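Here is the structure we will look at.
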Amino acid sequence: MSREQLEAEVRRLRGHSASLAQMFEQAPSFIALLGGPEHRFILTNAAYQRAVGGREVVGRTVAEALPEVVGQGYVELLDGVFRSGEPHTAAGARLDLRPVPGGPVTERYLDFVYQPVADADGRVSGIFVEGHDVTERTRAEAALRENEARYRTLFESIEVGFCIIEMRFEGDRAVDYRIVEANPAFVRQTGADVAGRWVSEFAPNLERHWFDTYGRVALTGVPAHFEHYADVFGRWFDVRALRTGEPTAKRVAVFFSDITERREVERRAEAGERDLRLIADALPVLIAFIGADHVYRFANEAYDDWFFVPAGQIVGRDVRELLGPDAYAARRPFIDRALGGEPVTFEMDWPHRDGRHRVAEIRYLPRRDAGGRVDGFHVFVQDVTVRVQTEADLARQVAARTAERDQIWQASSDLLCVANFEGYFVSLNPAWPRTLGWTDAEMKARPFLDFVHPDDVASTVAAAGGLSRGEAQLTFENRYRRKDGSYVWLSWNAVPRDGLIYSSVRDVTEIKQQAEALAKTEEALRQSQKMEAVGQLTGGLAHDFNNLLAGISGSLELMQTRMSQGRMGDLDRYMSVAQGAARRAAALTHRLLAFSRRQTLDPKPTNVNRLVKDMEELVRRTVGPSVHLEVVGLAGLWPALIDAGQLENALLNLCINARDAMPDGGRITIETANRWIDEAGGRQHDLPPGQYLSVCVTDTGTGMAPDIVDKVFEPFFTTKPTGEGTGLGLSMVYGFARQSGGQVRIYSEVGEGTTVCLYLPRHYGEADEDEVARRLAEVEQAGQGETVLIVDDEPSVRMLVTEVLEDLGYTAIEAADSVAGLKVLQSDVRIDLLVTDVGLPGGMNGRQMADAGRERRPDLKVLFITGYAENAVLGNGYLRPGMQVLTKPFVLETLATRIKDLIAEA
């Protein structure tokens, strides 16, 4: 190559290099060349310099020139490219730059490539960096994504149903459409999830209306708004449709809301309005609504009768035009008040069409809108001619009745008054001054309690309290002081009304005095009857005891005679006669004690069913063959703690009474049962609540009237003829039941029969087995040194008891009164048992002496022997542990057994 050629080539190369340098410098992308593993800038173009804020970077490493990129991963990317020799490309990578040292950090987004550069040996010697700042594009894309997200959220959360449909046509006729997209509200309101499907697939019978309407919107671009019923969904919809996208796409955006409930409300409202119109037209009342502009908005058919104008010609007319000047002027003040918000009622004459008199009641009721402003008023007019006439007649009648009442008030002999709740009389009729002597003014000036007897103030205040609670007080009685200081009895019938007390009062002083005199007379008669009955009783008792004493004394005389004659064979017979008479005498005294409620009970746990069963044959023989006896015993009947002998007497007495109530025969039923008595039952039966067993005797006899039932337990009362009864039987039954902690009740109906029920407390334990009577000779002998103290003021009793004790091997100590007995008990003498009468001389009774003795001898056993004992002495028939009672007269074998059993107790 010649020199000229060489120079020309050099010029060409230099020109090409300059062009390349110019292209490099003016390139729109940022370019840099990094050398070595430390990534030192070799060259950069202007775009790169602008990107880094014009900082001098050539000759410096990336970490030195751009310290803010350290830690963002870019230095590590360069290291990786340099090591691997593989290029790295990034799009939309974020880079935080600080163009001015100490200045703010700017957020940039870059598309770039790291391209490794190899030397002649193929080793990586540097990295070529080229890229574009895409910050604005990235931000625009993010904003677009955010807008799309907001649209999607709105699309999916709105309650309005929304879908985009794509129409299919045959010519200009829409034949189908596809649900391109639908929001969740579409599914909720239609109940169909049909996105992507053609209507012909899921609703082949859909009404033609929908295709025509949506097809017209797709073809013309004219939006549509309508309400229509979709039979396939069974719902009403409010629909808005508009074309969306290119016309050739034939797409329609549809917004719709389910208005089924609203349409149903409207339908009901329309039906209600029709019904209201029917009712309004049927009522004999003129009904209208007039707006605030005095124009009719509603009128019923009654206008034809009142105004002689059909209702259809009323609506829309002005009130002044319809009424006329005079009638409007008369009503104008009331109309103004109604439009001012005040309900108005007034009456006026309004003649019939034929001229007959008529009175109209007119009511104007204001109506308010949602803001509370009066927008008109309702009109109600009705014919009240009959009512007005009736009220006038009633007023005349009231005036006449008031005059009559005033005459009664003035002339009445009853005391009539009105009082207030402050305790003062408001009005008094003339009978008050006539009865009490106080003037009308004197009685009104003082509280009415000032006139009440001091003993009656509390009951009067209580009655006034009842009146203040709205309770009428009928036949309440108290005493009022006359002006002369004496008192009269008054009977009140008082009722509260309208804050006052209205009373009708009668002077019952004379009635009270008559009743008191009658009561005294009846009491005197009753005492006379009682004395007569006592006389009959004592005569009968004297006769019975004379017979019994004759048997006893006669038997003893014959025994004495036969013994003197040496004839011992008849002694047993005479002794049996004497003992039998003694037993009958004992039974007689027990009945007398039961009548007096002073018998000494010997309560033991008793199987009542067994007792009734054992008595069945005795009762059957007693009542005779004309009476059928039936015994109904409850299985599982509770035991009772009672004196079995007394229950037997009571039961036999009741059966005899039942037999006497059936002179022509009948049926007697003895029935036992367990009873739970609650508080209400306890009040009814006069018993504490708890568990009881009942023994009831029912007959089919004549029965008793209520007034007779109230008296049957009274001593000496009897329904039997004179000489056939003393009136003691049921009194004895009542005394036994009450003394046993129970009760007796009678239920009777005349002509039907009577039931008498004994209620006895349940015993929580087992019933005792039957005792086996032992002969005196069979009783076990006393132990060594066992000693018994006998205290009785009757020498014969002490002698008999001592004889029995000595026969049994006991040491017997006698004392005639409580003082002597207590001295023995307080001594050191051995005493295993105290046998004592209850009624003793010496200042203490037997119970008191025994209690005093137990202070020194806590374990002292006591046997009370008595023929008469006060209930209080023996604890109302119940004794403490280690104490027993034996009623006189007694069998000696029983005495011996009791003594031995008591001493043997642990």
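Numbering (this note's numbering), first residue to last: 533 to 1438. Note that CB positions come from ideal geometry on N, CA and C, so glycine has one too. Here the structure is a predicted model, which means the values were calculated and not measured.
Cβ-Cβ separation, residue j to residue i (assumed contact under 8 Å), whole Å
i: Val645; j: Thr621; result: 5 Å
i: Ile1174; j: Ser1272; result: 5 Å
i: Val707; j: Ile696; result: Between Ile696 and Val707 the Cβ distance is about 19 Å, and since that is not below 8 Å, they are no contact.
i: Val984; j: Asn1010; result: 6 Å
i: Leu1357; j: Arg1379; result: Actually they do not touch by this definition, with Cβ atoms about 13 Å apart.
i: Val749; j: Ala756; result: 5 Å
i: Arg895; j: Thr877; result: 5 Å
i: Gly1156; j: Arg1191; result: 7 Å
i: Tyr1224; j: Pro1171; result: The Cβ separation is near 12 Å, so there is no contact.
i: Met1264; j: Val1323; result: Contact doesn't hold; Cβ gap of about 30 Å is too wide.
Cβ neighbours of residue i in the same chain (closer than 8 Å, five flanking residues each side left out)
i: Met1147; result: Glu1180, Leu1183, Leu1184
i: Ala650; result: Gly617, Val656, Ser657
i: Ala1446; result: The question about residue 1446 has no answer here: the residues shown for the chain are numbered 533 through 1438.
i: Arg900; result: Gly873, Val906, Asp907
i: Ala973; result: none
i: Ala963; result: Ser944, Ser945, Asp946, Leu947, Leu948
i: Arg783; result: Ile696, Ile697, Glu698, Met699, Val712, Ala750, Arg775, Thr776, Gly777
C-alpha gap between residue i and residue j, whole angstroms
i: Ser1000; j: Lys1044; result: 29 Å
i: Val594; j: Val613; result: 15 Å
i: Val817; j: Ile811; result: 10 Å
i: Phe912; j: Pro875; result: 11 Å
i: Phe556; j: His664; result: 14 Å
i: Pro1135; j: Ala1176; result: 7 Å
i: Leu981; j: Trp970; result: 14 Å
i: Val1241; j: Val1288; result: 11 Å
i: Gln647; j: Ala672; result: 29 Å
i: Arg740; j: Val797; result: 27 Å
i: Ala1004; j: Asp881; result: 46 Å
i: Ile1033; j: Glu936; result: 21 Å
i: Asp868; j: Val930; result: 37 Å
i: Thr752; j: Thr670; result: 39 Å
i: Leu1186; j: Val1151; result: 10 Å
i: Thr992; j: Ala820; result: 60 Å
i: Gly1375; j: Glu1387; result: 18 Å
i: Thr967; j: Asp987; result: 21 Å
i: Ala559; j: Leu575; result: 14 Å
i: Thr722; j: Gly728; result: 15 Å
i: Asp825; j: Tyr761; result: 39 Å
i: Pro865; j: Leu871; result: 10 Å
i: Arg809; j: Asp744; result: 39 Å
i: Tyr1019; j: Val1027; result: 24 Å
Beta-carbon proximity list for residue i, same chain, < 7 Å, skipping 5 on both sides
i: Leu1434; result: Leu1365, Lys1393, Leu1395, Gln1416
i: Ser1036; result: Asp946, Leu948, Asn1025
i: Asp813; result: Asn832, Glu833
i: Gln1275; result: His1217, Asp1218, Leu1219, Ala1269, Tyr1291
Same chain only: Cβ atoms within 6 Å of residue i, ignoring 5 sequence neighbours per side
i: Ala1309; result: In this predicted model, Ala1309 has a pLDDT of only 49, less than 50, meaning its place in the structure is not dependable enough to derive any value.
i: Val920; result: Val891
i: Ala1305; result: Only weak support is given to the placement of Ala1305: the predicted model assigns it a pLDDT of 43, under 50, and the value that follows is read from those uncertain coordinates. Correct list: empty, nothing qualifies.
i: Thr1201; result: Glu1162, Thr1230
i: Gly1285; result: Asp1231, Thr1232, Gly1233, Gly1235
i: Val1405; result: Here the model assigns Val1405 a pLDDT of 49, short of 50, so the residue's position is not dependable and the matter cannot be decided.
i: Phe694; result: Asn715, Phe787
i: Ala1015; result: Position check: residue 1015 holds Lys in this sequence, whereas Ala was assumed. These residues qualify, in order along the chain: Gly969, Trp970.
i: Glu1281; result: Gly1235
Would you check if there are 3 or more beta carbon pairs closer than 8 Å linking the region 580-590 to the region 628-637?
yes
Alpha helix (DSSP H) runs wholly inside the region 546-614, at least 4 long, in chain order
578-583, 594-597
Below 8 Å, can you find three or more Cβ-Cβ pairs linking the region 849-862 to the region 938-957?
no
For the region 620-653, list the beta strand (DSSP E) runs that are entirely contained and at least 3 residues long, ordered along the chain.
620-629, 638-650
State whether the region 1313-1320 contacts the region 1342-1355, with contact taken as three or more CB pairs (one from each stretch) at a distance under 8 Å.
yes
Please give the ranges of any alpha helix (DSSP H) in the region 885-941, keeping only runs that are unbroken, at least 4 residues long and fully inside the region.
none
Secondary structure, alpha helix (DSSP H): runs of 4+ residues fully inside the region 1181-1241:
1211-1217, 1238-1241
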